[in-house]
Amino acid sequence: MPVDAKAAIDLLRELRALTADDNGAQRLAWTPVWLKAREWFLSKLHDLPVEHHYDAAGNSWTTLAGESDTTLILGSHLDSVPNGGWLDGCLGVMGAFAVLRRIAEEYSGKPPITVRLVDWADEEGARFGRSLFGSSAFAGTQTIEQDRDRTDAGGARLGDALLRCGVSIDSIGDAQRERKNAAAYLELHIEQGPVLESMDLPLAAVLGTKGVERHAITFHGQEAHSGSTPMNKRRDALAAAAKLALEIRTIASRHPDAVCTMGSIKTFPGIVTAVVGRCEATLDQRDLDAQILDAMYREAQEKSTQFAIEEGCTVEWSRIWNIAPEPFHPELIDLCEEAIYETVGRSHRMPSGPLHDAAEVSRAGIPTAMLFVQSLKGISHNKIEDTRSDHLELAITAFDRLASKAMRWIAKQGG
Ligand SMILES: [Zn+2]
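Mind the numbering: the sequence shown is residues 1 to 415 in this note's numbering, read in order.
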């Protein structure tokens with residue numbers, strides 16, 4: 001029985017009409033438009049033999065009970081960034097919904113194992129700066145103490161916004177109960193980058209999410225008059241930072257999937273008539289391999305010290321944030337690649353630079369895989385985010401195949 005990919009795409013268009021304005025999708029988590037999107041989703045369940053509830057962290061669970069309690073979970077997120085695209089997150093939810101419906105019909109409402117669809121709460125963290133909110137509560141990696149007093153741009157507290165949506169921040173850890181019987185997790189998502197388009201491939205199996213090292217780097221030199229200070233007497237903090245900004249390209253280039261970004265530079269005093277006395281920069285480094293990530297971090301530190309000395313400056317580092325790489329399950333990655341190959345005749349494997357809820361699920365020890373579909377021009381988090389509709393259909397078809405393979409894989413493990 002084939003999955004109805006076209007119906008899923010129609011639902012995506014319906015959701016866009018309901019929750020986007022001229023600037024794009026506005027399904028910001030913990031806001032009325034997001035709640036409206038979730039209500040709309042519930043209205044689509046009425047003819048299916050499923051149970052629905054929200055867990056303690058606000059994740060939305062739709063369960064098709066099977067002969068066995070062992071569970072395959074399919075999911076993604078309905079929330080969006082402000083002025084977001086029409087596919088980020090909701091493609092995964094609507095794709096999973098189409099697959100759930102296909103499974104319900106194929107097995108007359110009772111598949112051999114239980115299949116659940118989850119819409120994670122606040123994947124984007126766009127309003128309060130806390131990404132992967134619901135999936136981290138599910139995984140038990142939530143950070144309530146740090147998050148309780150987070151505020152949005154208007155000064156509203158995260159804890160209060162949650163309460164208005166029926167979620168008590170002190171109880172979100174109870175979402176871990178939903179892990180019971182989970183045997184595998186699958187997520188379909190747009191790539192959000194330009195790699196697949198540049199390779200002329202519609203789909204890829206995701207190897208995992210890259211780890212991130214994010215640091216603030218400050219070079220200290222000497223503020224000095226731009227007219228009176230000879231070139232060879234300067235201690236120019238910007239010169240040292242600029243050397244590092246170019247060096248990180250060399251550091252990243254030694255590894256095929258590594259990326260390094262200096263996204264912010266601030267100079268002090270920052271006026272046209274003074275040599276820069278202090279330069280504050282940020283560095284974001286990512287790779288799927290923890291050893292490579294660590295090596296790149298140490299290399300950037302060593303080079304920054306070298307450049308500081310060359311320019312008569314000093315340098316200090318402080319970590320802003322880091323997260324370990326999360327490789328997905330090797331056997332599920334193989335199944336994902338098989339499903340893609342059977343659907344389009346060619347396949348590819350790639351790591352994900354962006355983080356995803358799937359990384360949290362994998363971190364909780366649940367075998368996980370993700371399937372990417374090409375993003376046009378590699379653009380996401382923007383109203384022009386798009387994917388060819390034939391590619392969307394192929395993606396949902398391949399994801400459906402992957403779900404069937406995962407169900408057999410789970411059954412073989414004694415599920
Ligand atoms: Zn997303």
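Think of the CB as a built atom: it goes at the ideal place given N, C-alpha and C, for glycine as much as any other residue.
How about residue i and residue j: do their beta carbons lie closer than 8 Å?
i, j, result
"T114", "T62", "no"
"L186", "L376", "no"
"L78", "G85", "no"
"I9", "L392", "yes"
"A65", "F138", "no"
"E106", "M199", "no"
"S80", "V93", "no"
"P194", "G378", "yes"
"A204", "M350", "yes"
"V364", "R177", "It should be pointed out that residue 364 corresponds to Ala in this sequence rather than to Val. Against a cut-off of 8 Å, the Cβ pair of R177 and A364 comes out as no contact."
"N59", "A183", "no"
"V99", "L74", "yes"
"L283", "M262", "yes"
"A447", "F133", "Outside the displayed range of the chain (1 to 415) lies residue 447, so it cannot be described from this structure."
"N83", "K383", "yes"
"P202", "L12", "no"
"F455", "D119", "The chain is shown from 1 up to 415; residue 455 falls before or after that span and cannot be answered."
"P417", "L207", "There is simply no residue 417 to check, as the chain begins at 1 and stops at 415 in what is shown."
"L163", "R150", "no"
"F399", "G109", "no"
"L48", "A5", "no"
"D160", "F128", "no"
"I410", "L371", "no"
What are the start and end residues of the beta strand (DSSP E) that includes residue i?
i, result
"I323", "314 to 323"
"R116", "113 to 119"
"S68", "68 to 76"
"G208", "203 to 209"
"D51", "Before going on, a small fix: residue 51 reads as Glu here, not Asp. Per DSSP, E51 belongs to the beta strand (DSSP E) from 51 to 54."
What would DSSP say about residue i, mapped onto helix, strand or coil?
i, result
"P330", "helix"
"F219", "strand"
"Q285", "strand"
"S264", "strand"
"T273", "coil"
"G353", "coil"
"H309", "This sequence places Ile at residue 309; His is not what is there. The answer is helix: DSSP assigns I309 an H, G or I state."
"T63", "strand"
"D149", "coil"
"Y107", "coil"
"R363", "helix"
"E187", "strand"
"D386", "coil"
"D21", "strand"
"V212", "strand"
"E124", "coil"
"V344", "helix"
"V259", "strand"
"G58", "coil"
"R130", "coil"
"A29", "coil"
"G84", "strand"
"H391", "helix"
"R408", "helix"
"R234", "coil"
For residue i, does the count of other Cβ atoms within 10 angstroms reach 16, so buried, or fall short, so exposed?
i, result
"T397", "buried"
"R27", "buried"
"N232", "exposed"
"P256", "exposed"
"R346", "exposed"
"I320", "exposed"
"H46", "exposed"
"K405", "buried"
"A290", "exposed"
"A17", "exposed"
"D22", "exposed"
"H215", "buried"
"G155", "exposed"
"A369", "buried"
"D170", "exposed"
Hey, quick one: how far does the alpha helix (DSSP H) through residue i stretch, first residue to last?
i, result
"R164", "158 to 164"
"V195", "195 to 199"
"F372", "Per DSSP, F372 belongs to no alpha helix (DSSP H); it is in the beta strand (DSSP E), 368 to 373."
"G134", "133 to 139"
"T250", "237 to 253"
"S43", "32 to 43"
request  = Could you say if the segment 289 to 300 and the segment 203 to 215 meet the contact criterion of at least three C-beta pairs nearer than 8 Å?
outcome  = yes
request  = Determine contact between the segment 187 to 194 and the segment 322 to 336, defined as no fewer than three beta-carbon pairs at a distance below 8 Å.
outcome  = no
inquiry  = Would the segment 357 to 369 count as touching the segment 241 to 249 if we require 3 or more Cβ pairs under 8 Å?
reply    = no
key: Three or more C-beta pairs below 8 Å linking the segment 269 to 280 and the segment 220 to 235   = Yes: at least three Cβ pairs fall under 8 Å.
query = Is it true that the segment 26 to 41 meets the segment 118 to 136, where meeting means three or more beta-carbon pairs spaced less than 8 Å apart?
reply = Judged by Cβ distances under 8 Å, the segment 26 to 41 makes contact with the segment 118 to 136, as three or more pairs qualify.
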